[in-house]
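Participant: Here it is, the structure in full.
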Amino acid sequence: MGIAIADGYIKDVSDPVTNYVPSLAASGYNGVAIEDVLQMSSGISFNEDYFDASSDFNKMAPSSVGLGGPLEDVLLTLEREHEPGTVREYASSDAQVLGMVIRAATGMDLASYTATRLWQPAGMESDAYWLTDSSGVESAFGGFNATLRDLARFGNVYLHNGFWNGKQIIPQDWVSASVTTDEAHLLPSEHSLGYGYQWWVPGGDEGDFLAIGIYGQVIYINPRHNIVIAKTSAYRGYEQDGEAMELESVAFMRAIATALGETTAQKSGQ
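Residue numbers (the numbering used here): 822 to 1091.
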């Protein structure tokens, strides 16, 4: 999204998503600002329960692999529950809407735009691919596939404030805004992580942030210690204690970053 704004395709995060995807005016997304969608604060009523066969998530899931109708059909059934920008509730539909906004604004499919403006400039090692629905629209909420090393390279782009491989790939001010949680509903608490522009932000003064995927996928970035950690997983116990596992992952990765940072500092001082 930050690249699309810098390229002039999207004016500002205050723009309503319906400026770019007018069909969403028939849904609860009518008039919702891009920023509220980025922050999972669209106000949409969305059942994210991965283990409830009748949940909104599981209505989207078959479409994400080309079964059933277009993903947009599910989005058009969603209604608004809260005033946008007031309550943060993770909704995969928000991520899907963001992908559709980028497609519409750029006039390119999401895979091509990502390849030409991010993946190739960053010098990724391998091609990535995106699952699509039956109409060829990418599953922006969870259908992206890449190697572990390239996920870490993506983390490196953010670690270096968007500058990597000799070029400013993502605008520096966008990187900063992405991990800023300055409103009450976005702040972390004792038992939950804060949230920025599609990034989770832990509490404390560590300055770290991370991307989290279901079953334990993580890209963890710690600028203080100059550390990026990428992890893929297939955690079978996610239904029982997925949120606790995510908090444990943060604590574990913070400990790794601190230990490696201290080791590096000691070596530098020798």
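Here a beta-carbon is modelled for each residue, glycine too, at the ideal position from N, C-alpha and C.
How is P1044 classed by DSSP in three states: helix, strand or coil?
Facilitator: helix
Participant: Which of the three DSSP states is assigned to I1083 in this structure?
Facilitator: Note on residue identity: the sequence assigns Glu, not Ile, to residue 1083. Three-state result, E1083: helix.
Participant: Along the chain, where does the beta strand (DSSP E) that runs through L892 open and close?
Facilitator: From DSSP, L892 is part of no beta strand (DSSP E) but of the alpha helix (DSSP H) over L892 to L896.
Participant: Please list the segments of the beta strand (DSSP E) lying wholly inside the segment 971-1048, counting only runs of 3 or more residues, in order along the chain.
Facilitator: Listed in chain order, the complete beta strand (DSSP E) runs (minimum 3 residues) inside the segment 971-1048 are 1030-1034 and 1038-1043.
Participant: Per DSSP, what are the beta-bridge partners of Y950 in this structure?
Facilitator: N966
Participant: Hey, is the segment 864-884 in contact with the segment 914-922, meaning 3+ C-beta pairs nearer than 8 Å?
Facilitator: The answer is yes - the segment 914-922 touches the segment 864-884, with three or more Cβ pairs under 8 Å.
Participant: Answer yes or no: do S926 and A825 have a C-beta to C-beta separation smaller than 8 Å?
Facilitator: The amino acid at residue 926 is misidentified as Ser; the sequence shows Ala. In this structure, A825 lies closer than 8 Å to A926 by Cβ.
Participant: Since F1030 and I1042 should fall inside the 8 Å C-beta cutoff, what is the C-beta to C-beta distance between them, to a whole number of angstroms?
Facilitator: 6 Å
Participant: Looking at the C-beta of N1043, does it have a partner C-beta in chain D at a distance below 8 Å?
Facilitator: Here chain D cannot be found, since the structure has a single protein chain.
Participant: Does DSSP classify E856 as helix, strand or coil?
Facilitator: helix
Participant: Indicate whether the contact test is met: 3 or more Cβ pairs, each with one atom in the segment 988-1008 and one in the segment 835-849, closer than 8 Å.
Facilitator: no
Participant: Straight-line CA distance for A1076 to E1069?
Facilitator: 11 Å
Participant: Can you say whether Q1091 is buried or exposed, counting buried as having 16 or more other CB atoms within 10 angstroms of its CB?
Facilitator: Low local confidence applies: a pLDDT of 47 at Q1091 is under 50, so the model's placement there is unreliable, with the coordinate-based value given in what follows. Answer is exposed; the Cβ neighbour count stays below 16.
Participant: Assuming R1052 and Q1038 make a contact with CB atoms under 8 Å, what is their CB distance in whole Å?
Facilitator: Sequence check: residue 1052 is Lys here, not Arg. Yes, they are in contact, since the Cβ atoms of K1052 and Q1038 sit about 7 Å apart, within 8 Å.
Participant: If you draw a straight line from the alpha carbon of V1071 to that of V958, how long is it in whole angstroms?
Facilitator: 33 Å
Participant: Hey, L899 and S848: beta-carbon distance below 8 Å or not?
Facilitator: yes
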